[in-house]
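Residue 6 is where the sequence shown starts when you use this note's numbering, and the numbers rise one by one after that. The next block holds one structure in the form of structure tokens; read it before the comments.
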Amino acid sequence: QVQLVESGGGLVQAGGSLRLSCVASGSIISIIGMGWYRQAPGKERELVAHITRGGSTNYADSVKGRFTISRENAKMVYLQMNSLKPEDTAVYYCNALGRTGANDWGQGTQVTVSS
């Protein structure tokens, strides 16, 4: 099992930037990919960005060109969010995918973008 702790959320004006961080502990050797998801009130959780152990990335269309996911060693993943929009407001969750298909989640961090 992997434990994940996110940080870096907050309140920002539209057009601003935030950087989210996630640190993993536990069975990090089993992680084959890490990602960021978000869930806005009344909506389902959705993928924002994902990065594999090999460094391949993919993004939701809504954040392409504005958000960048990166990974530092085996246990840190970041999400740089630029040009934030009010519709980016959500709780952002860090996710770790294990080689057995298991998913682990962090507790989430709130991102609020004011117009």
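All C-beta atoms in this analysis are idealised placements derived from N, C-alpha and C, irrespective of residue type, glycine included.
| Check | Outcome |
| --- | --- |
| Does at least one heavy atom of the ligand NAD sit under 7 Å from the Cβ of R104? | The ligand NAD is not among the ligands present in this structure, which contains no ligands whatsoever. |
| If we call anything under 8 Å between Cβ atoms a contact, is G40 one with H55? | yes |
| Please specify which runs of the beta strand (DSSP E), each continuous and at least 3 residues long, are wholly inside the segment 9-70, giving them in chain order. | 15-18, 23-31, 36-44, 51-57, 62-64 |
| For a quick check, are the C-beta atoms of V68 and T94 less than 8 Å apart? | no |
| Just the C-alpha distance for V7 and C99, rounded to the nearest angstrom, thanks. | 11 Å |
| Just to confirm, is the Cβ distance from Q85 to R24 under 8 Å? | yes |
| Label T105 either buried or exposed according to how many other C-beta atoms from any shown protein chain fall within 10 Å of its C-beta, with 16 as the threshold for buried. | exposed |
| Rounded to whole angstroms, what is the Cα-Cα separation between G13 and A45? | 17 Å |
| Tell me the rounded alpha-carbon separation between I37 and K48. | 27 Å |
| Figure out for me which residue from A29, S22, E11 has the closest Cα to the Cα of L102. | A29 |
| Report buried or exposed for L89, applying the criterion of at least 16 other Cβ atoms within 10 angstroms of its Cβ. | buried |
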